[in-house]
Each structure stands twice: as C-alpha cells, then as structure tokens.
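Just so you know, the sequences run in chain order P and R.
Numbered by UniProt numbering, the letters in the first sequence go through residues 1 to 350 in order.
Numbered by UniProt numbering, the letters in the second sequence go through residues 1 to 350 in order.
Number of protein chains: 2
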Amino acid sequence: MAVAAAAKKFRAPRIAIAGATGAVGHDLLRILTERGFPVGSLKLLASARSAGKTLDFRGETLTIEELTEDSFKDVDIALFSAGGAQSKRFAPAAVDAGALVIDNSSAFRMTDGVPLVVPEVNPDAAFEHKGIIANPNCSTILMNVAVWPIHTKVSPVSRCVVSTYQAASGAGAAAMAELEQQARDWVDGKEKVTQDIFGRQYIWNLFSHNAPVDLETGYNEEETKMVVETKKIFNDPDFRTAVTCVRVPVLRAHCEAVNLAFDEDVPDLEAKARAAFADAPGVRIVDDREANAFPEPLLASNQDDILVGRIRKDPSVRSGSALEFFLAGDQVRKGAATNAVQIAELFLER
Amino acid sequence: MAVAAAAKKFRAPRIAIAGATGAVGHDLLRILTERGFPVGSLKLLASARSAGKTLDFRGETLTIEELTEDSFKDVDIALFSAGGAQSKRFAPAAVDAGALVIDNSSAFRMTDGVPLVVPEVNPDAAFEHKGIIANPNCSTILMNVAVWPIHTKVSPVSRCVVSTYQAASGAGAAAMAELEQQARDWVDGKEKVTQDIFGRQYIWNLFSHNAPVDLETGYNEEETKMVVETKKIFNDPDFRTAVTCVRVPVLRAHCEAVNLAFDEDVPDLEAKARAAFADAPGVRIVDDREANAFPEPLLASNQDDILVGRIRKDPSVRSGSALEFFLAGDQVRKGAATNAVQIAELFLER
Chain P
1 MAVAAAAKKF RAPRIAIAGA TGAVGHDLLR ILTERGFPVG SLKLLASARS
51 AGKTLDFRGE TLTIEELTED SFKDVDIALF SAGGAQSKRF APAAVDAGAL
101 VIDNSSAFRM TDGVPLVVPE VNPDAAFEHK GIIANPNCST ILMNVAVWPI
151 HTKVSPVSRC VVSTYQAASG AGAAAMAELE QQARDWVDGK EKVTQDIFGR
201 QYIWNLFSHN APVDLETGYN EEETKMVVET KKIFNDPDFR TAVTCVRVPV
251 LRAHCEAVNL AFDEDVPDLE AKARAAFADA PGVRIVDDRE ANAFPEPLLA
301 SNQDDILVGR IRKDPSVRSG SALEFFLAGD QVRKGAATNA VQIAELFLER
Chain R
1 MAVAAAAKKF RAPRIAIAGA TGAVGHDLLR ILTERGFPVG SLKLLASARS
51 AGKTLDFRGE TLTIEELTED SFKDVDIALF SAGGAQSKRF APAAVDAGAL
101 VIDNSSAFRM TDGVPLVVPE VNPDAAFEHK GIIANPNCST ILMNVAVWPI
151 HTKVSPVSRC VVSTYQAASG AGAAAMAELE QQARDWVDGK EKVTQDIFGR
201 QYIWNLFSHN APVDLETGYN EEETKMVVET KKIFNDPDFR TAVTCVRVPV
251 LRAHCEAVNL AFDEDVPDLE AKARAAFADA PGVRIVDDRE ANAFPEPLLA
301 SNQDDILVGR IRKDPSVRSG SALEFFLAGD QVRKGAATNA VQIAELFLER
C-alpha cells in the first residue's frame, strides 16, 4: 500500500484538517482558498470541545466534527495541525484509512521513512513517503528556504550561526491572545499582567524560547529541531548549525539573523548571494541601505515569501569567507500552513 | 596641563552634568546617589529649553542652567550626555576650564588620545587621558563586560558573532515614550499608531537598528561601533567581531546572543566559562536549564550587573571550539550612566 500511496496523485483530493480551530488550522482554510487548491471535499476535525461549531469555507458553512480514529474514511489528504500528541494518536488511523497525512507537528519529523519536506528545497523527498509526510519546524522552514540557494548556488556552507526573533504565534492562538491581553493590562496600569501561558511578562520583554532545555547540552528543543531537521531536509548529516532561539513580543512573524561561513574565499560574495536570493523561489529581497528598509515582522505578516535583507559580507573571518543576512517570514503561513499546502500541491495531477 | 590633569584625583569632585534632562542624565543623578559618590557640588546643564526647570538631588532642589562654553568654571568632572553635537561643541571648553570630561556620546570615542573605558576591562587606560575620556556605546559595553573574562581567562577569542536585541531607550527618552504611546494607540484601536520618531510601527514589530547604513559595506553605524570600539577597549586591533543590531519593542534593557570561537579545542569549555563569569566583576549568571530561567530585559532593568545565561558549547565547529551565551543589561545604566560614574570613581582619592 505504501508504494501505491506514494505514487498516487489527485485531481481534486478530499481533504481533512485535524486541528481546524487553531492558528494554523485557520490559515490552512484561507490558504486553500487563496491558492485555488482543487478541494474535492473538506472535513474539519477538532477536539470534542469544538465539535458542532461551524466554519465557513468558500461560502459554505461546515460543521466541525470530533477528531477520532474513524474520521478518515473517504479522505485523500489529511492535514494535521492539532499538536504532537494528537498526531501520534490519530495519524496512523488516517494512514490505515488510505489518507496521505501531512503532519505539522514534530511527532514524526525525525522518524525514518517519514520525509521532512520544504518544497523549495527537497520536493522529491515527498514521494518517498509511507503514508506520512512531516512539515518542518517553522524556524527551520524559514531558514532553509533562505540558506538553500546560498548553499547550492554560491558556495557550500561550512557553518551556520543563527539567532532567532520568534513571535508569539509559534505557541498558538491562545499565546497570541495573551500577549495582546498584556498590552491592554499594561495600558490599564495593572500591577501584574495576565500570564497564564508564558508565566512571565512578555510585553516589553523577551526570553529564551520556552521549549524544554536539554540539561546536558544546554540546547533547547526548538534549537535542536533547527539543527537536526536542517540536516535531514538538506540530506546532509554534516550540515552544521549553531542557534539561539528567543521569543520576542511580536504576534505572528519570525525573524532570524543568519551568519553563513564558507571554507573558500568567495569572490564577489555579496553580489553572488543577491543573485542567488533573487532567483530563489519563495524569497523576496528587502534591502534598501539608503532608506534603512529591511525585513520586519509586520512586512512579512500575511505573506508567503521569506523576506531577506541586510545582505553583507562578514568582516570577521580569518580564512574562507562569511555572509550575513536577516530574514523575516510569517510563522503561521510559510512556517506552517503554506508549507503544508505546498506539500499537498506536489500530489496534484496537473 | 594634560599630564597634570591625568594624575589628578579628587576627594569630593565638583560635578557638572551636561544633558541633565535626558534618559541617561536622569539615571546619572540616581546612580551618583545610590553609589554614595562624594559629590562636592553639582551643576545641572541642558539646552536653553530646559534652563530654569528644577531637579531634586539628595533632597536639594537644583535649577538647570543653560549649557554654554562658560558653564565649566569650578567643575572638576563634567559628565556629558547631551548627544554628539553638544559634546563636540562644549567638551573642549570644559577641558580648557580645567574639567575632566567623561563623554557618553560617540563624538570622541575613536579619537587618538581619548581613552575609551570599560572599568571592568581597561581601567588603567583612563589615566592616559588628555582631558576627555569616552564612554563606549551601550551595546559595546554590555558585550565587553561579558566577553573580556572569557577572552582573558578561558581562551583567546578568534571570532565573535553577535546578534543584538536592543531596547527603545538607546534612542532616548522620547523614543521610549513613543513606544509606550503605540501600546495605548493599539489598545484604542487606532488605525495608525504614533510614529514620529521611528517612522514605523514598533509595537508587535522589530527592525534593523535605525543608525545609518554604510552603502558600501552594509554595516550600520551601531554595528561598526561595536566592531571598532571593542578593538580599542581590548587594545587588540585584530579582535574580530561580526554583528547584527536589531531594535525590539522593549523599553530599557538590551540583550545579545553571543557566539565566541576559539582556535584551540578548549577542554571543559562550558565549565571554564562558567567559572570565568562567576569571577567576573559586573557579571551575574542567570542560567537555570530546568526552570528555563535565563537573562531577560525585565530582569536586567534597573540593575548594574550584566546577566549572562544560556552558557553552552556550540556544536557546529569543525576545528577549535566555540561558546554560546545570551546576555541582558540595562542600556541606560551599565550601558551608559553607571559606566560613566564608574569611570569618575577611578579618579576618587581613596
């Protein structure tokens, strides 16, 4: 069955969305519409709590059903975005029912036999699936879309050092709402702002990413995802990344300061990097030194392109060369929903 | 005169503050009080606009005078924090009048014969002044206080890669007020928030540092300051820094993600770094992996210590070794006012 499923392409696939009420679920509906995805039928699935509620899709009112093991009869593609626990529990049932699962959680990303796909980087990997394809971590996707053209068209990257500036959206819709509530609390002069989710004041503050930290290495899970997922997506177990993940009080787009080192001294490095970015799918250059106009979260919000700017040669290397740039990308869209829909598009008959 | 001035120490110096009404001026008054600095007399200077206003200092009400070339008679130490143009215009007059100038602006930082001093790093340099001592850029100070103990006690740093997360305060009190106003505007549902200073929405956003960008290199002036000032402070023209400076919607403390590479493979790197930080003046370790508790702007605000955490070995290097950490420091205090007062303290008779 696995091989047959891998080969299968659809004219108008019957879609299910598991986790339809979350931030990513919401955007999946929008993006299917925006991109004119040929949805044969659409089933919205969520927890029992949300079952019975309705959502509009292309002018039709759809009733949300409870996500169960029996949800996937007559489904061709199941887009999962209900968290890792739900994916682990229900994705196998979806595969057994014959659906192709595109999973936005981290549950299966590093599992052997599960392709981890950024369509701008490794679209062919998608076709080696055994029923499940994993959507990478949001920060990984944004970085990979921008680093891949440099790594393949300019010079092989020997080492990548990244610092992230991550939005609240990565922690879900309720986290975004808490950050907004903190603004209202602060304006109201409340002594202590609402902090049920992050356990700290987030407005006027920033903090190391809230993922658990490995007690031995000091790396948090978000950082480790970026390191190991990039190796898998680039199909290069020796690709080297050092990363610091930080949450900043921004609502829905992530930024990353990226430093790429090369073993060779690349002549005209900056010009070559600009040319590679200009040609790269999913990348838009925003880089006006005179106007001090560069990528910003608000410019990237509700966009699918990754914005790159501050493209410049790093003056600090002793040998070889290095490139610096700054990117911004919508974490909910390209970092999650858009990437998942792009993977689904790979399986459309054209 | 220069040599005599350099040697001179004071029991209770007569102080002038040029720029008494700014964010740093305000903190200079607080810090002189908090540290029990033996102020012989205090003269508050500002623009004509502020002359005649009053400020309290140790229970006394002082009237602000207009900053002119004649302001510095009977002044031993003049603390300048009125911007580069005012420093260029009035610091020479202060020196001619016999005052030792400690200048918080960038006007003289890279001038030959003007020491650039971080007391935890190069206190002795202060005594080589010719009337003016420069206070480094805020981001430089925070980085230098933390990097110096590693560079000198652990292993010589071959390359330093930094990404900053800078607060509004670096752009002055009015910039902080605009950011706060934007929160009120957003809560009020205004379509466009107040953006007279930064020319963009800052709340829920971040942007490349607003300093002018060199059209050739792509480095902005804030980044270049960190690169060149560090060489001067460390007295090492070959110290190599690559840096990306970013403004985040935080009010008054800066953060920096720092990556230090070493030529040698340092055994027990993390433990050695922790020991060096623990011994370093002006540094406090905040690094609880289990509780996910690390440096944050709000924890560093109104503190003089630089908080360091996320101390860990960088897994990405091919040869040698590298250390990563994250710091937070109050930009107005240690990044400006406290550092200036600490320089003044070097000139106290004990």
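Cβ atoms here follow ideal geometry from the backbone N, Cα and C, with glycine treated the same way.
Model, not experiment: these values are computed from the prediction.
Here's a check: name, in chain order, each residue in its chain whose Cβ is nearer than 7 Å to the Cβ of residue i, leaving out the five neighbours to either side.
i: P:V3; result: Low confidence applies here, because P:V3 scores a pLDDT of 49, under 50, leaving its location unreliable and the question unanswered by this model.
i: R:P297; result: A167, V250, A253, C255, A328
i: R:P212; result: N220, E221
i: P:L88; result: Here residue 88 of chain P is Lys; the residue named in the question, Leu, does not match the sequence. Excluding residues within five positions, the ones whose Cβ falls inside 7 Å are A107.
Name the DSSP beta bridge partners of residue i, please?
i: R:T61; result: R:D56
i: P:E324; result: P:N259, P:R312
i: P:N220; result: P:V213
i: R:V246; result: R:S208
i: P:V10; result: According to the sequence displayed, residue 10 of chain P carries Phe and not Val. P:L348, per the DSSP bridge assignment.
i: R:R252; result: Paired residues: none, contrary to the question.
i: P:K43; result: P:A16
i: P:S163; result: P:T244, P:A257
i: R:R284; result: R:L307
Consult DSSP for residue i and reduce its assignment to one of helix, strand or coil.
i: R:N235; result: coil
i: P:T33; result: helix
i: R:G84; result: helix
i: R:E120; result: coil
i: P:T21; result: coil
i: P:V228; result: helix
i: R:K190; result: coil
i: R:A337; result: helix
i: P:D196; result: coil
i: residue 354 of chain R; result: With chain R represented from 1 up to 350, any question about residue 354 of chain R goes unanswered, as that position is not in the structure.
i: P:H26; result: helix
i: P:T140; result: helix
i: P:H151; result: helix
i: P:A134; result: strand
i: R:A4; result: Caution applies to R:A4, whose pLDDT of 47 falls short of 50 and renders its modelled position unreliable; the model cannot decide the point.
i: R:V332; result: coil
Does the beta carbon of residue i come closer than 9 Å to any beta carbon on chain R?
i: P:K272; result: no
i: P:P38; result: no
i: P:D214; result: yes
i: P:I203; result: yes
i: P:K9; result: no
i: P:A4; result: At P:A4, the pLDDT of 46 sits below 50, so the modelled position is not reliable and the matter cannot be decided from this model.
i: P:L62; result: no
i: P:R200; result: yes
i: P:S47; result: no
i: P:M1; result: Confidence at P:M1 is low in this model, with a pLDDT of 43, below 50, so the placement of that residue is unreliable and no value is reported for it.
i: P:G170; result: no
i: P:N302; result: no
Give a yes or no on whether 9 Å exceeds the smallest Cβ distance from residue i to chain P.
i: R:E324; result: yes
i: R:A175; result: no
i: R:A275; result: no
i: R:C138; result: no
i: R:G335; result: no
i: R:V161; result: yes
i: residue 351 of chain R; result: Given a span of 1 to 350 for chain R in the structure shown, any question on residue 351 of chain R remains unanswerable.
i: R:G309; result: yes
Could you name the residues of chain P that residue i contacts, counting a contact when the two beta carbons are closer than 9 Å?
i: R:P315; result: T217, Y219, V227, R240, T241, A242
Please go through the same chain and pick out, in chain order, the residues whose beta-carbon is closer than 8 Å to the beta-carbon of residue i, but skip the five residues on each side of it.
i: R:A172; result: Residue identity differs from the one stated: residue 172 of chain R is Gly in this sequence, not Ala. Within the same chain, R:G172 has close Cβ partners G22, A23.
i: P:R350; result: none
i: P:F347; result: K8, K9, F10, P13, I77, L100, A126
i: P:N292; result: none
Residues of chain P with CB under 7 Å from residue i, in chain order?
i: R:W186; result: A183
i: R:L251; result: W204
i: residue 424 of chain R; result: Look at the range of chain R in this structure, 1 to 350, and you will see that residue 424 of chain R is not part of it.
i: R:I233; result: Residues of chain P passing the Cβ test: none, with the nearest at roughly 16 Å.
Under 8 Å Cβ-Cβ, which residues of chain R neighbour residue i?
i: P:N144; result: The premise fails here: P:N144 is roughly 16 Å from chain R at the closest Cβ pair, so nothing lies under 8 Å.
Which residues in the same chain as residue i place their Cβ atom closer than 6 Å to its Cβ, once the five residues preceding and following it in sequence are excluded?
i: P:M1; result: Confidence in P:M1 is poor, its pLDDT being 43 and thus under 50, which makes the residue's placement unreliable; the coordinate value appears in the next sentence. Cβ within range, chain order: n/a, list empty.
i: R:R159; result: R240, A261
i: R:G40; result: A12, P13, R14
i: R:P38; result: A12
i: P:P115; result: A125, A126, E128, H129, I133
Could you tell me which chain P residues have their CB closer than 8 Å to the CB of residue i, listed as they occur along the chain?
i: R:L42; result: Residues of chain P passing the Cβ test: none, with the nearest at roughly 32 Å.
i: R:R318; result: S158, R159, R240
Comparing the CB of residue i with every heavy atom of the ligand ZN, is any distance shorter than 8 Å?
i: P:T194; result: This structure lacks the ligand ZN; in fact it carries no ligand of any kind.
Using a Cβ-Cβ distance under 9 Å, would residue i count as near chain A?
i: P:P281; result: Annotation note: the requested chain A is absent from the structure, which comprises protein chains P and R.
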